[in-house]
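Be aware that the sequence shown starts at 1, since it is given in the working numbering, and climbs by one per residue. Built from N, CA and C at the ideal position, the CB exists for glycine as well. The structure under discussion appears below in the form of structure tokens.
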Amino acid sequence: MNAPLTVIHARTLTLDDATPEVQAVLVGGGRVLAMGRADDLRALAPRAEVLDHRDSLLTPGLCDAHIHLVMYGASLTEVNLAGARSVAEVQAKVAQRAMTQPAGTWIRGGGFLLSELGLTDYPSAALLDEVSPHHPVLLYSRDHHMTWVNSAALRVAGVTDRTPDPADGKVVRPLGCLLEGASELVVAHLPEPTDAEWLAHARAGAEDLAARGFVSAHTMAYEEAGAPRALQTLAAGGELPLRIWACLPHGRLEHARELGLALAPGGLFQWGGVKFFADGALGSRTAWLHTPGFADGSGTGIALDPPELIVERGRQAIDLGLTPVTHAIGDRANTEVLDAYDQLRPAAHARGIRLRIEHAQHLRPQDIPRFRGLTASVQPIHLQADAAMIRTLLPHLEAGSYAFKSLQGAGAILALGSDAPVAPPDVRANFAAAVTRVGDDGERLAPGEALNELDVLRAYTRGPAMAAGWDDEGVIRPGARAAFTLWDRLGGNARALVF
Ligand SMILES: [Zn+2]
1 MNAPLTVIHA
11 RTLTLDDATP
21 EVQAVLVGGG
31 RVLAMGRADD
41 LRALAPRAEV
51 LDHRDSLLTP
61 GLCDAHIHLV
71 MYGASLTEVN
81 LAGARSVAEV
91 QAKVAQRAMT
101 QPAGTWIRGG
111 GFLLSELGLT
121 DYPSAALLDE
131 VSPHHPVLLY
141 SRDHHMTWVN
151 SAALRVAGVT
161 DRTPDPADGK
171 VVRPLGCLLE
181 GASELVVAHL
191 PEPTDAEWLA
201 HARAGAEDLA
211 ARGFVSAHTM
221 AYEEAGAPRA
231 LQTLAAGGEL
241 PLRIWACLPH
251 GRLEHARELG
261 LALAPGGLFQ
271 WGGVKFFADG
281 ALGSRTAWLH
291 TPGFADGSGT
301 GIALDPPELI
311 VERGRQAIDL
321 GLTPVTHAIG
331 DRANTEVLDA
341 YDQLRPAAHA
351 RGIRLRIEHA
361 QHLRPQDIPR
371 FRGLTASVQP
381 IHLQADAAMI
391 RTLLPHLEAG
401 SYAFKSLQGA
411 GAILALGSDA
421 PVAPPDVRAN
431 FAAAVTRVGD
441 DGERLAPGEA
451 LNELDVLRAY
461 TRGPAMAAGW
471 DDEGVIRPGA
481 RAAFTLWDRL
491 GGNARALVF
């Protein structure tokens, strides 16, 4: 069977240095076959269908390089607290949900930030009890490093004033908030989604992303096993509208090795990375910092996976052909991960694997050159909410926060993402944040670190492809995957065009 041929006639940015801009692209069998002048391609393939997009801009397809895809799909049906500006607003949304859900069922939601709620202290369970005495309530902070729960949820979980803090987190007293691993005390009591629910969440997340112009995504661990399984099911059934590079939590590495992990490169679903967490996050004051730490006196944060463990399991990951992927927000966390990665570089290099740091958010100047050759997976959209917080909590690190230009200059590969559901996978907002660096408070954060639009495009397409080891993506040239994004203008309205 001959695959039909298509000529796309559009102003095309290829991101291929040999021919950076062309007039048209010929595709067939899901691949780019040729590119050049529209007349030449029509002569080459006279029976090809011609798509006239001369008013639009065609680029390699967008990839969200850091998303929790299935969790994001699930969040589309939960109470959305993004942008909530007061406790009263949170209460109103929870109250509304409590009226429509059967008593006793869980109300889940997320997206709030303490600073945006105008809080300087952790909120209590009692504030949620006022509006939801009979439904257990579990609300994630936007950075997912803390939860706010009500008394019904604490009762289900058996958490009381006398419950000790777990090793990897903290139960805030008076009761109401759970930091880092302490959230598990309650999360463990959530009903496990059925296979049908997992599939529905996976489909919702993937379809939402595709509708925003994405053709690929790197989905992070920090989801239960049902999540990647649902994506694999969709891929096997030909129902996955995205190409997925997935990360495994390092705790499951041993198990995966015993089972003989199927990497399945070339398919639409692929295991690609092994995920570590070096620390927490800024908003929850759990980012791991060098002294002096947080300017409000709340300490130097929390260290999570120890560097020795990252070295040991990172080596096992590389042996399996998987990329070590480590979350590091605070300056101390980044230093420690860079130290650990120095030990892994030779093995990674030998396997053609690019070591990778997620967020790389607050950096000491002396650490920036050490990112050379690594992937810096960054989320410009987060700087909007973080800018004001950085000025008050980390004034000494402002210049090295979201230091995109410096990282790029140091030879890091930038890969852009949203960390959805932490922030929406909003292409326009991510572009704008990277280019303008304007925070929600209207002020610019370290303006010298701004990227230009072409840099952003590269970091949203070619960067993630290089991070995943995909030679055939993030660039338009013969042999590449025929998966594009069509724009009214760069950084404007985007839609996916996949063959
Ligand atoms: Zn994340």
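{"Check": "Nearest residue (CA-CA) to Phe484, options Ala18, Val27, Asp17, Thr19", "Outcome": "Val27"}
{"Check": "Buried/exposed call for Met466, threshold 16 Cβ in 10 Å", "Outcome": "buried"}
{"Check": "Distance CB(Leu407)-CB(Ser401) smaller than 8 Å", "Outcome": "no"}
{"Check": "Reduced DSSP secondary structure (H/G/I, E/B, other) of Ile476", "Outcome": "coil"}
{"Check": "Stretch-stretch touch, CB-based, cutoff 8 Å, three pairs: the stretch 309-325 with the stretch 265-281", "Outcome": "yes"}
{"Check": "Start-end ranges of the alpha helix (DSSP H) lying completely within the stretch 125-158, minimum 4 residues", "Outcome": "125-129, 151-157"}
{"Check": "Nearest candidate by alpha-carbon position, reference Thr77, set His201, Phe371, Leu414, Thr120", "Outcome": "His201"}
{"Check": "Cut-off 8 Å between Cβ atoms - residues of its own chain near Phe294, not counting five sequence neighbours on either side", "Outcome": "Arg285, Thr300, Gly301, Leu393, Leu394"}
{"Check": "Beta-bridge pairing of Leu486 - partner residues as DSSP gives them", "Outcome": "Leu58, Arg495"}
{"Check": "Nearest residue (CA-CA) to Leu128, options Val94, Gly109, Ser141, Leu117", "Outcome": "Val94"}
{"Check": "Heavy atom of ligand 1 within 7 Å of Asp279 beta-carbon", "Outcome": "no"}
{"Check": "Counted within 10 angstroms of its Cβ, other Cβ atoms place Ala221 as buried (16 or more) or exposed", "Outcome": "buried"}
{"Check": "Beta-carbon proximity list for Ser86, same chain, < 8 Å, skipping 5 on both sides", "Outcome": "Leu117, Gly118"}
{"Check": "Residues near Asn2 in its chain [Cβ-Cβ closer than 7 Å; skip 5 each side]", "Outcome": "Note on Asn2: pLDDT 47, under 50, position unreliable in the model; the coordinate value appears next. Result list for Asn2: empty, nothing under 7 Å."}
{"Check": "Cβ-Cβ distance between Gly439 and Ala403 below 8 Å", "Outcome": "no"}
{"Check": "Local conformation of Met1 per DSSP, three classes", "Outcome": "With a pLDDT of 38 at Met1, under the threshold of 50, the modelled position of this residue cannot be trusted; read the value that follows with caution. Coil."}
{"Check": "Any non-hydrogen atom of ligand 1 within 7 Å of Tyr222 CB", "Outcome": "yes"}
{"Check": "Closer than 7 Å: His68 CB and nearest ligand 1 heavy atom", "Outcome": "yes"}
{"Check": "Beta-carbon contacts of Ala103 that lie in its chain and below 6 Å, excluding the five residues immediately before and after", "Outcome": "His134"}
{"Check": "Cutoff 6 Å; reference Ile390; Cβ partners in own chain excluding five residues on either side", "Outcome": "Glu398, Ser401"}
{"Check": "Residue nearest to Thr194 in terms of C-alpha spacing, selected from Ser216, Glu224, Ala206, Thr291", "Outcome": "Glu224"}
{"Check": "Three-way DSSP call (helix, strand, coil) for Gln379 in this model", "Outcome": "coil"}
{"Check": "Buried/exposed call for Asp305, threshold 16 Cβ in 10 Å", "Outcome": "buried"}
{"Check": "Contacting residues, own chain, Cβ-Cβ under 8 Å from Met35 (five flanking each side not counted)", "Outcome": "Thr12, Thr14, Thr19, Val22, Ala24, Val25, Leu26, Leu41, Ile476, Arg477, Pro478"}
{"Check": "Separation of Ala38 from Ile8, as counted between CA atoms", "Outcome": "8 Å"}
{"Check": "Opposing strand residues paired with Leu517 [DSSP bridges]", "Outcome": "An answer regarding residue 517 cannot be provided, because it is not within the stretch 1 to 499 covered by the chain."}
{"Check": "Helix, strand or coil at His9 according to DSSP, with G and I counted as helix", "Outcome": "strand"}
{"Check": "Helix, strand or coil at Ala410 according to DSSP, with G and I counted as helix", "Outcome": "coil"}
{"Check": "Heavy atom of ligand 1 within 7 Å of Val422 beta-carbon", "Outcome": "yes"}
{"Check": "heavy atom of ligand 1 below 7 Å from Asp419 C-beta", "Outcome": "yes"}
{"Check": "Coarse secondary structure for Pro191, derived from DSSP in three states", "Outcome": "coil"}
{"Check": "Identified DSSP bridge partners for Asn452", "Outcome": "DSSP, once it has assigned bridges, lists no residue as partnering Asn452."}
{"Check": "Residue from Phe214, Leu51, Ile67, Arg481 whose Cα sits closest to the Cα of Gly267", "Outcome": "Arg481"}
{"Check": "Of the residues Trp470, Val422, Asp441, the one placed nearest Tyr72, counting alpha carbons only", "Outcome": "Val422"}
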